[in-house]
Every structure is written in structure tokens, then in C-alpha cells.
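Residue numbers (this note's numbering): 14 to 521.
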């Protein structure tokens with residue numbers, strides 16, 4: 014059990030604050046009371062209007078970001094030379110848990126980065142309890158700039174806790190996170206330096222640069238195809254659009270490059286966390302919320318509350334998409350569960366938060382965090398009601414037609430039908446366009462899978478229900494996504510030979 018020096022309410026260890034519990038209690042008490050003593054039909058109608066209005070605003074936000082992103086391009090960069098004496102020092106945090114299979118490829122990929130190794134510090138963050146991973150790293154012949162760090166078995170076993178602990182060993186001017194399955198471009202760090210220099214010359218408040226994440230295995234199955242299309246829409250359109258609109262783009266879990274001094278400012282703001290371990294006290298900085306399973310999105314808001322900005326740049330990191338529905342369900346559950354947690358954390362002090370972020374940015378961020386899982390959870394109900402409304406209007410004798418037509422005021426029915434038809438068609442087209450616009454391979458053939466988008470939406474709704482359940486039962490428990498399921502395919506797609514102990518040692 015942990016004890017905290019300060020900023021306890023800023024982490025997800027607390028589910029709901031007293032103010033949130035009071036607000037929830039009032040809502041739970043008021044709605045049934047009003048229903049009992051007034052016209053219950055009007056209450057149901059009011060709730061329906063509220064849902065449709067929320068859907069409208071959330072869809073408009075996503076559409077505006079999509080359009081803004083589609084009309085924007087990331088700048089071309091003139092890369093510095095690897096001999097540039099002004100290149101900053103870099104710390105690379107690599108959280109590893111049960112990644113023995115992909116570890117050799119990870120070392121080989123990081124060894125191919127075009128960057129002077131004397132300016133690199135690679136921290137391999139190993140969970141104390143993961144003895145297999147610890148043994149694999151201990152027995153490997155690692156380059157000299159690679160350092161294993163054993164993360165004490167205290168508190169929640171999460172990626173953000175490992176990163177927080179790793180930061181106590183960081184020495185770089187910049188810090189970046191790479192996951193075990195990441196395959197960054199060889200000039201990734203040089204692009205990050207060039208983009209940071211460009212962005213900070215225009216706006217010194219930019220302290221984080223987010224790279225593009227893309228999947229190398231979109232053909233492994235329908236789940237990987239949908240993940241691939243969603244990543245294109247998210248990282249190449251949505252985040253770019255949110256940045257252009259002056260909103261807060263939620264960070265991805267990897268390939269985000271931070272000015273290290275800004276991370277320590279976050280630690281100064283949000284305090285330290287203290288744990289007991291074997292009779293000793295372990296203190297870690299509260300930079301990434303160790304109790305939040307989407308710590309990346311949460312950190313974007315933390316930086317924004319300090320007045321900082323996030324930039325995006327064109328370097329690509331290839332990742333491995335889930336290829337089975339079970340794996341995809343667990344990963345999507347974690348994302349949606351974490352979005353809910355992040356939204357709850359950043360609505361605890363709404364007046365202060367809105368003052369720090371600006372009202373529009375504050376509302377848009379929380380609309381994205383809370384609106385994404387809530388809309389997915391409500392989708393089946395809303396679709397069913399809207400379809401029934403359409404049937405009640407065009408077919409005579411539909412049971413309950415009079416009640417349904419009365420439940421939907423004319424304006425609400427028109428908006429609901431428009432959202433059902435036009436809105437869904439637009440976001441349906443988004444997936445297809447993501448496949449068709451790729452010109453760097455033969456992935457356009459994946460467009461056929463995008464015709465099954467409604468089934469994928471139903472799957473994501475199931476993930477949202479599961480995320481709601483885990484929010485109540487396992488809020489800070491990290492569900493592991495396995496990697497390395499098809500290393501022969503990775504070798505074929507990426508054109509990389511299977512790393513050997515000799516080739517790994519050669520990276521030194």
C-alpha cells in the first residue's frame with residue numbers, strides 16, 4: 014500500500030472524489046424522484062434529448078478534427094547530421110514485461126538508430142517479478158549504452174509506474190518511450206530533434222513531439238486490418254486536426270519525445286509517490302500516473318495544465334497489431350477503461366482545470382476522453398431506438414409506433430436519423446479512405462474488410478462494456494498484450510533478418 018506526499022487526488026488511485034460522489038448521488042436521487050412525482054414520459058424524453066445532444070456535439074468534434082487534419086500536412090524536415098555537435102543527449106525508456114520472444118528484435122531495432130551512441134542512454138525497465146525477462150536481459154550481450162533497471166515490485170504493476178521509476182535514472186536532455194514491439198525508423202531520433210527545433214523556434218511552449226504510429230501487420234486478420242485503419246485515422250488525421258484546432262491531442266503510448274526538464278516540472282506539480290518494499294522506502298516521481306492504464310493521454314492533459322503544447326512530426330514507428338479478437342478485446346478494453354479514468358481524474362476540479370486549460374480545450378478534452386467510451390456503450394441502444402423510429406414512421410401497424418413517435422420530438426428525430434445515417438456513413442467512409450489513400454504498399458486491398466465496419470463497431474461496444482466493468486473491479490490492473498506471434502511474418506514484411514547474439518552485440 015502506498016502513501017503519497019501530495020497530489021493524491023491527481024492520480025487514478027482514488028476512484029471518485031467526495032465532490033464527484035456527491036454529484037453522482039444527487040443525480041441518482043433526483044432522476045427517480047422527478048420520475049415518480051412528475052410525468053415519467055417527459056423525463057424519458059428529456060434523457061433522450063440529452064443523449065442525442067451529446068452525440069451531436071461529440072460527432073461534430075470528431076468531424077471537425079478529422080477535416081482539419083485531412084487538410085493539414087506535417088512539415089518536411091531537414092535532418093541534422095549525426096556528427097552535429099549540438100545534438101541533444103537522449104534517454105530511451107523501454108518498459109518490458111513478458112517480452113522474451115521479441116527482445117532480440119527490439120535490441121536490433123534500437124541498435125539501428127542513426128544517432129551517436131555516446132549521446133544515447135537506453136533504460137530497459139524490467140519488473141522484479143518477471144524473472145524470465147530479467148534472466149533473458151542478464152544473459153544477453155547488450156550494447157554499452159543499454160542499462161537494465163529492475164523496477165521494484167511495489168504498487169500497481171503498470172507501464173507508467175515503470176516509466177516513473179526509470180526517470181530517476183534518466184540523464185538525457187530528451188526522453189522518449191519505445192515499447193517492446195516498436196520498430197522505429199532508423200532516422201527517428203534525428204527527425205525528432207529536427208521537428209523539436211522547428212516547433213520550439215516558433216513556440217517554446219512545445220515540449221513534446223508525437224510521432225506517427227502504424228502497424229506493420231495489417232494482413233494478419235480482420236482485427237489487425239481495423240486497427241491499422243484506425244491508427245491512420247487517429248495519428249495522421251485526428252491528432253493533427255486537434256493540434257491545428259488548438260485542442261489537446263491525447264498522446265499515444267509510445268514514440269512521444271519529451272523535453273526532460275518539462276517532465277520534471279510535471280513531477281514538481283504532481284508530487285512524489287512513496288511505497289514500502291522489503292522494509293525500505295521507494296520514492297518515485299508522479300510524472301505518468303501509475304494507477305492509470307492510459308497514462309499517455311493523462312500526461313497530455315498534465316502538460317497542458319502547465320501551459321505546454323504538443324507537436325506532431327512525420328517519423329513512423331511500426332508496431333504489431335493484435336491479430337485475434339481475444340487479444341484485441343483486452344487491448345481495446347484497457348484503452349476505453351483508461352479514457353474513462355482520465356476523464357474522471359480531470360473533471361475533479363472543473364473550475365480550476367478550465368481556468369488552466371481554457372474552457373473550450375477543457376471541454377473538448379473531456380468530451381473526447383469520456384465521450385469515446387460512453388458513446389460506444391450507448392451505440393447499440395441508440396441504434397435500436399433510431400431504427401425502430403424509422404420503422405414506426407414508414408411502416409403501418411408497428412407495435413408501439415405512437416409511443417415511439419411521441420418520445421422523439423420532431424427536431425430530435427431528424428437529428429437522430431441524420432446522425433444514424435449521415436454520421437455513421439462519414440465515419441464508415443473514414444476507414445475505407447484510410448485503406449484507399451495508402452500508396453506505400455498494396456494495403457488498398459484491405460478496404461474489403463472495412464465493409465464490415467458495423468460489426469467492428471459492435472465489437473468496440475462490447476469492449477466499452479468490459480471497460481466499464483473493469484473500471485469498477487480492476488481500475489489499475491494492466492491487461493498484457495502479447496507480442497511476437499508471427500516473427501517469420503515480421504521478418505518477411507520488414508525485410509529484417511532474424512537477429513543473432515552476434516548481430517545484437519555488433520550494435521555496440
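Idealized CB from N, CA, C, for every residue including glycine.
Original post:
Which of helix, strand or coil does DSSP assign to residue 124?
Top reply: On the chain shown, position 111 is the one that residue 124 refers to. In the structure shown, residue 124 sits in a helix (DSSP, three-state: H, G or I).
**OP:** Check each candidate in 176, 115, 98, 152 and name the one with the smallest Cα separation from residue 135.
**Re:** Numbered from 1 along the chain shown, position 122 holds the residue referred to as residue 135. Checked all of 176, 115, 98, 152; the closest Cα to residue 135 is 176.
Original post:
When DSSP labels each residue in this structure, what does residue 105 get in the three-state scheme?
Top reply: On the chain shown, residue 105 is found 92 positions in, with the first residue counted as 1. Strand.
Original post:
Helix or strand or just coil, what does DSSP make of residue 449?
Top reply: Working through the chain shown from its first residue, we reach residue 449 at position 436. Residue 449: helix per DSSP, three-state reduction.
Original post:
Using the C-alpha atoms, what's the distance from residue 424 back to residue 301?
Top reply: To locate residue 301, count along the chain shown from 1; it is residue 288. To locate residue 424, count along the chain shown from 1; it is residue 411. Residue 301 and residue 424: Cα-Cα distance of roughly 44 Å.
**OP:** Rounded to whole angstroms, what's the CA-CA distance from residue 127 to residue 360? Just pull it up for me.
**Re:** As a working mapping, residue 127 is identified with position 114 in the chain shown. As a working mapping, residue 360 is identified with position 347 in the chain shown. Answer to the nearest angstrom: the Cα atoms are 42 Å apart.
Original post:
Shorter than 8 Å from the beta carbon of residue 75 to some beta carbon of chain B?
Top reply: Absence of chain B from the displayed structure is noted, only one protein chain being present.
Subject >> Residues that DSSP places opposite residue 163 in a beta bridge >> reply: In the chain shown, the residue the question calls residue 163 occupies position 150. Per DSSP, 139.
**OP:** From the DSSP output, read off the bridge partner residues of residue 325.
**Re:** Position 312 of the chain shown, counting from 1, holds the residue named residue 325. Per DSSP, 223.
Original post:
What are the boundary residues of the beta strand (DSSP E) that includes residue 484?
Top reply: Along the chain shown, read from residue 1 onward, the residue named residue 484 stands at position 471. Careful: residue 484 lies outside any beta strand (DSSP E), inside the alpha helix (DSSP H) at 466 to 486.
**OP:** Please say whether residue 200 and residue 92 have beta carbons closer to each other than 8 Å?
**Re:** By one-based count along the chain shown, residue 92 stands at place 79. By one-based count along the chain shown, residue 200 stands at place 187. Taking 8 Å as the Cβ cut-off, residue 92 and residue 200 qualify as a contacting pair.
**OP:** Please list, in chain order, all residues of the same chain as residue 272 whose beta carbon is under 7 Å from its beta carbon, the five residues on each side excluded.
**Re:** Counting from one through the chain shown, the residue named residue 272 turns up at place 259. Result list for residue 272: 187, 220, in chain order.
Subject >> 6 Å CB neighbourhood of residue 29 in its chain, flanking five on each side removed >> reply: The count along the chain shown starts at 1 and reaches residue 29 at position 16. So the list is empty, once near-sequence residues are dropped.
**OP:** Quick one: residues in its chain with C-beta nearer than 6 Å to the C-beta of residue 32, no 5 flanking neighbours on either side, listed in chain order?
**Re:** For the purposes of this step, residue 32 is taken as the residue at position 19 of the chain shown. Counting only Cβ-Cβ distances below 6 Å, and skipping sequence neighbours, we find nothing.
**OP:** Would you check if the stretch 467 to 482 and the stretch 376 to 396 touch, i.e. whether three or more CB-CB distances between them fall below 8 Å?
**Re:** yes
**OP:** Could you name the residues of the same chain whose beta carbon sits closer than 6 Å to that of residue 492, not counting the 5 residues immediately before and after it, in chain order?
**Re:** In the chain shown, counting from the first residue as 1, residue 492 sits at position 479. Excluding residues within five positions, the ones whose Cβ falls inside 6 Å are 343, 347.
**OP:** Just tell me which of 483, 75, 118 has its CA closest to the CA of residue 379.
**Re:** Taking the first residue of the chain shown as 1, we reach residue 379 at position 366. Taking only the C-alpha atoms, the option nearest residue 379 is 75.
Original post:
Under 8 Å, do residue 198 and residue 334 count as touching if we go by C-beta distance?
Top reply: Taking the chain shown and counting its residues from 1, the one referred to as residue 198 is at position 185. Taking the chain shown and counting its residues from 1, the one referred to as residue 334 is at position 321. Taking 8 Å as the Cβ cut-off, residue 198 and residue 334 do not qualify as a contacting pair.
**OP:** Please check the pair residue 552 and residue 305, which I expect to be a contact at CB under 8 Å, by giving their CB distance rounded to whole angstroms.
**Re:** Lying before the first or after the last residue shown, residue 552 is absent from the chain, which here runs from 14 to 521.
**OP:** Give a yes or no on whether the C-beta atoms belonging to residue 337 and residue 82 are separated by under 8 Å.
**Re:** As a first step, residue 337 is located in the chain shown; it is residue number 324 there, counting from the start. As a first step, residue 82 is located in the chain shown; it is residue number 69 there, counting from the start. Against a cut-off of 8 Å, the Cβ pair of residue 82 and residue 337 comes out as no contact.
Original post:
Does the stretch 102 to 120 come close enough to the stretch 132 to 150 that 3 or more CB-CB pairs lie under 8 Å?
Top reply: yes
Original post:
Mind checking whether residue 226 and residue 268 have CB atoms under 8 Å apart?
Top reply: Start at 1 with the first residue of the chain shown, and residue 226 comes out as number 213. Start at 1 with the first residue of the chain shown, and residue 268 comes out as number 255. The answer is yes: Cβ separation under 8 Å.
Subject >> Extent of the continuous beta strand (DSSP E) to which residue 190 belongs >> reply: What you label residue 190 is simply residue 177 of the chain shown in a count that begins at 1. 187 to 190 is the extent of the beta strand (DSSP E) around residue 190.
**OP:** Under 6 Å Cβ to Cβ from residue 263, same chain only, skipping five residues before and after it: list those, please.
**Re:** Counting from one through the chain shown, the residue named residue 263 turns up at place 250. Only 310, 313 meet the Cβ criterion.
Subject >> C-alpha distance - residue 98 paired with residue 204, whole-angstrom precision >> reply: What you label residue 98 is simply residue 85 of the chain shown in a count that begins at 1. What you label residue 204 is simply residue 191 of the chain shown in a count that begins at 1. For residue 98 and residue 204, the distance between alpha carbons rounds to 16 Å.
Subject >> residue 230: first and last residue of the uninterrupted beta strand (DSSP E) it sits in >> reply: The residue you call residue 230 lines up with position 217 of the chain shown. Note, residue 230: premise wrong, no beta strand (DSSP E); not H, not E.
Subject >> Option in 282, 341, 236, 403 with minimal Cα separation from residue 319 >> reply: Stepping through the chain shown from its first residue, residue 319 is reached at position 306. For residue 319, the nearest C-alpha among the options comes from 282.
Subject >> Enclosing beta strand (DSSP E) for residue 270 [first to last residue] >> reply: Taking the chain shown and counting its residues from 1, the one referred to as residue 270 is at position 257. It spans 269 to 272 - the beta strand (DSSP E) in which residue 270 sits, taken as one unbroken run.
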